[in-house]
Ligand code: SF4
Ligand code: SF4
């Protein structure tokens, strides 16, 4: 059953989550972009703001229409909340007998309720779960954040200029991984329940059932987001793309893209599935121990391919090739999935506007352009 949450009930939703002990995080405009930060009041949401995205380009515009989610995505996904940019893992200290004692450091902050995760973000979270929670090597800090997260997804009504989740089958409507999923309609949201936690919250808020008109409007909105997409990943992001990449390691396009790439690593920082990291050891002031931390790294740094006295990927061409042959290729061998969820962030936030769908089109010999695109509401 679907429910209706009126705009006036957003603050009740935030209050109910706070009563349950959550810190609410939600989208808001900061420094010309939409980021997730602590959300204390509905007024902080980006009302009437929509985003314009092109390769290497992100701008916000204010419109008259007072919608809270008339934008596609900002530079962050869920990743920074679960797989933190820097996180302490353990402390080692000498005891009085000079013996080294290792102690795990676990997060100790309040659980987080995230409002505004997109369908591609949930798909990315499912991939990170495979990377960090499955098998015998569990990342305990990630596991803690994951178990203490309440997810309120928002189905997209608009796509950004770089979104291509339709071709990766990861959006624009969320299908799993949420406690509640909202779709914005006139005067509020249609609410879909994804878990018992979500159901309990909706019962507390005394939401009324959604009407037929509400539900129809919600479907139209997500269909609108899908129809706005102009890009697609060749071979629909399938295993076939993996085989093409692995059979074209000497394609001249790798060299051409390397001439433009700055090896800055922006693409990996904003990518919701990238998990490369390095470990640091910081001595404590007393000199009798140290703190061990994990910190995001990137396949674009020289140090990340330093093995036994040598940097293995010593050119930008090798690093760019590593990024895409791993993400779109050998992830299939490791995790039985592509590492790309079609969010388009790496395209938007690349300072020189490198577009991975274009690069893959050149190598796969298949277009990355959606030919039957309808005019979208943000088009000129
Ligand atoms: S590779 Fe680019 S488009 Fe794909 S998930 Fe990462 S940031 Fe998004
Ligand atoms: S592809 Fe773009 S964002 Fe990624 S390292 Fe190269 S220049 Fe930086």
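Numbering (this note's numbering), first residue to last: 2 to 381.
Beta carbons: idealized from backbone N, C-alpha and C, even for Gly.
Taking all protein chains shown into account, decide if residue 353 is buried (16 or more other Cβ within 10 angstroms of its Cβ) or exposed. The count along the chain shown starts at 1 and reaches residue 353 at position 352. Residue 353 comes out exposed.
Is any heavy atom in ligand 2 found nearer than 7 Å to the beta carbon of residue 306? Residue numbering aside, residue 306 sits at position 305 when the chain shown is read from its first letter. Because no heavy atom of ligand 2 lies under 7 Å away, the Cβ of residue 306 does not count as near it: no.
Start and end residues, beta strand (DSSP E) containing residue 258: Within the chain shown, the letter at position 257 stands for residue 258. Counting along the chain, residue 258 falls outside any beta strand (DSSP E), though it belongs to the alpha helix (DSSP H) covering 253–261.
Exposure of residue 120, with buried meaning 16 or more beta-carbon neighbours within 10 Å: Translated into the one-based positions of the chain shown, residue 120 becomes position 119. Counting Cβ neighbours within 10 Å, residue 120 comes out buried, since at least 16 surround it.
Which listed residue (29, 35, 34) has its alpha carbon closest to that of residue 44: If you number the chain shown from 1, residue 44 lands on position 43. Here the closest residue by C-alpha is 29.
Whole-angstrom Cβ separation of residue 386 and residue 153, contact assumed at under 8 Å? Within the shown structure, residues of the chain are numbered from 2 to 381, placing residue 386 beyond reach of any answer.
Compare the C-beta of residue 240 against all C-beta atoms of chain C and say whether one is closer than 8 Å. The structure shown contains no chain C, having only a single protein chain.
Continuous beta strand (DSSP E) stretch holding residue 274: start and end: As a first step, residue 274 is located in the chain shown; it is residue number 273 there, counting from the start. Taken as a continuous stretch (DSSP letters only), residue 274 belongs to no beta strand (DSSP E), as it is neither H nor E.
Is residue 353 near ligand 2, with its Cβ less than 7 Å from a heavy atom? As a working note, residue 353 is residue 352 in the chain shown. Yes, Cβ of residue 353 sits closer than 7 Å to a heavy atom of ligand 2.
Please state whether the Cβ-Cβ distance between residue 267 and residue 350 is less than 8 Å. Start at 1 with the first residue of the chain shown, and residue 267 comes out as number 266. Start at 1 with the first residue of the chain shown, and residue 350 comes out as number 349. The answer is yes: Cβ separation under 8 Å.
Out of 77, 70, 361, which one is the CA nearest neighbour of residue 249? Against the chain shown, residue 249 aligns to sequence position 248. The candidate whose alpha carbon is nearest that of residue 249 is 361.
Determine the DSSP secondary structure at residue 45, reduced to helix, strand or coil. Sequence index remark: in the chain shown, residue 45 carries index 44 (1-based). Three-state result, residue 45: helix.
By the DSSP assignment, the beta strand (DSSP E) with residue 182 in it spans what residues? Indexing the chain shown from 1 puts residue 182 at position 181. Start and end: 181–186.
Could you spell out the range, first to last residue, of the alpha helix (DSSP H) harbouring residue 192? Within the chain shown, residue 192 is the residue found at index 191, counting from 1. Where residue 192 is concerned, there is no enclosing alpha helix (DSSP H), although the beta strand (DSSP E) it sits in stretches over 189–194.
Taking 7 Å as the cut-off, is the CB of residue 262 close to at least one heavy atom of ligand 1? The residue you call residue 262 lines up with position 261 of the chain shown. Not under cutoff, so the answer is no.
Can you give me the C-alpha to C-alpha distance between residue 77 and residue 314, rounded to a whole angstrom? By 1-based counting over the chain shown, the position of residue 77 is 76. By 1-based counting over the chain shown, the position of residue 314 is 313. Distance between the alpha carbons of residue 77 and residue 314: 28 Å.
Give the single residue among 346, 3, 197, 294 whose Cα lies nearest to the Cα of residue 90. Locating residue 90 in the chain shown gives position 89, counting from the first residue. Of 346, 3, 197, 294, the residue nearest in Cα terms is 294.
If you draw a straight line from the C-alpha of residue 80 to the C-alpha of residue 222, how long is it? Taking the first residue of the chain shown as 1, we reach residue 80 at position 79. Taking the first residue of the chain shown as 1, we reach residue 222 at position 221. Rounded to the nearest angstrom, the two C-alpha atoms are 26 Å apart.
Spatial neighbours of residue 285 within its chain, please: CB distance less than 7 Å, with the 5 preceding and 5 following residues excluded, ordered by chain position. Counted from its first residue, the chain shown places residue 285 at position 284. Counting only Cβ-Cβ distances below 7 Å, and skipping sequence neighbours, we find 291, 292.
Judging by CA-CA distance, which residue of 136, 240, 261 is the nearest neighbour of residue 321? Here residue 321 refers to the residue found at position 320 of the chain shown. Among 136, 240, 261, the Cα nearest to that of residue 321 is on 261.
Measuring straight from C-alpha to C-alpha, what distance separates residue 16 and residue 186? As a working note, residue 16 is residue 15 in the chain shown. As a working note, residue 186 is residue 185 in the chain shown. Roughly 22 Å between the two C-alpha positions.
What residues in its chain sit with their C-beta under 8 Å from that of residue 198, if we drop five residues either side in the sequence? For the purposes of this step, residue 198 is taken as the residue at position 197 of the chain shown. Closer than 8 Å at Cβ, skipping near neighbours: 151, 180.
What does the Cβ neighbour count give for residue 381, buried or exposed, with the cut at 16 atoms within 10 Å? Start at 1 with the first residue of the chain shown, and residue 381 comes out as number 380. The predicted position of residue 381 is uncertain, since its pLDDT is 48 and thus under 50; a value taken from the coordinates is nonetheless stated next. That one is exposed.
Could you have a look at residue 280 and say whether DSSP puts it in helix, strand or coil? Residue mapping note: residue 280 aligns to position 279 of the chain shown, counting from 1. Here residue 280 sits in strand by DSSP.
Alpha helix (DSSP H) runs wholly inside the region 281–320, at least 4 long, in chain order: none
When you compare only the Cα positions, how much space is there between residue 50 and residue 72? For the purposes of this step, residue 50 is identified with residue 49 of the chain shown, where counting begins at 1. For the purposes of this step, residue 72 is identified with residue 71 of the chain shown, where counting begins at 1. When rounded, the distance between both Cα atoms is 7 Å.
Shorter than 7 Å, the distance from the beta carbon of residue 173 to the closest heavy atom of ligand 1, or not? As a position in the chain shown, residue 173 is number 172, starting the count at 1. No, the beta carbon of residue 173 sits no closer than 7 Å to any heavy atom of ligand 1.
Taking only runs that begin and end inside the region 52–99, name each unbroken alpha helix (DSSP H) of 4 or more residues, in chain order. Within the region 52–99, the complete alpha helix (DSSP H) runs of at least 4 residues are 80–83.
In the DSSP assignment, what residue or residues form a beta bridge with residue 27? Residue numbering aside, residue 27 sits at position 26 when the chain shown is read from its first letter. Bridge partners of residue 27: 38.
Measure from the alpha carbon of residue 182 to the alpha carbon of each residue in 189, 193, 172, 188, then state which is nearest. As a first step, residue 182 must be located in the chain shown, where it is residue number 181. It is 193 whose Cα lies nearest to the Cα of residue 182.
Given that a residue counts as buried once 16 or more other Cβ atoms are within 10 Å of its Cβ, and exposed if not, what is residue 356? In the chain shown, the residue the question calls residue 356 occupies position 355. Under a 10 Å Cβ-count criterion, residue 356 is classified as buried, with 16 or more other Cβ atoms of the shown protein chains found around its own Cβ.
Do residue 345 and residue 163 come within 8 Å of each other at the CB atom, strictly closer than that value? The residue given as residue 163 occupies position 162 in the chain shown. The residue given as residue 345 occupies position 344 in the chain shown. Taking 8 Å as the Cβ cut-off, residue 163 and residue 345 qualify as a contacting pair.
For my contact list, residue 269 and residue 340 are in at a C-beta cut-off of 8 Å; report their separation, rounded to the angstrom. Stepping through the chain shown from its first residue, residue 269 is reached at position 268. Stepping through the chain shown from its first residue, residue 340 is reached at position 339. That pair is no contact at about 11 Å.
Could you check whether the region 31–42 touches the region 122–133, counting it as contact only if at least three pairs of C-beta atoms, one from each stretch, sit closer than 8 Å? no
Using three-state DSSP, classify residue 355 as helix, strand or coil. As a first step, residue 355 is located in the chain shown; it is residue number 354 there, counting from the start. In the structure shown, residue 355 sits in coil (DSSP, three-state: anything other than H, G, I, E or B).
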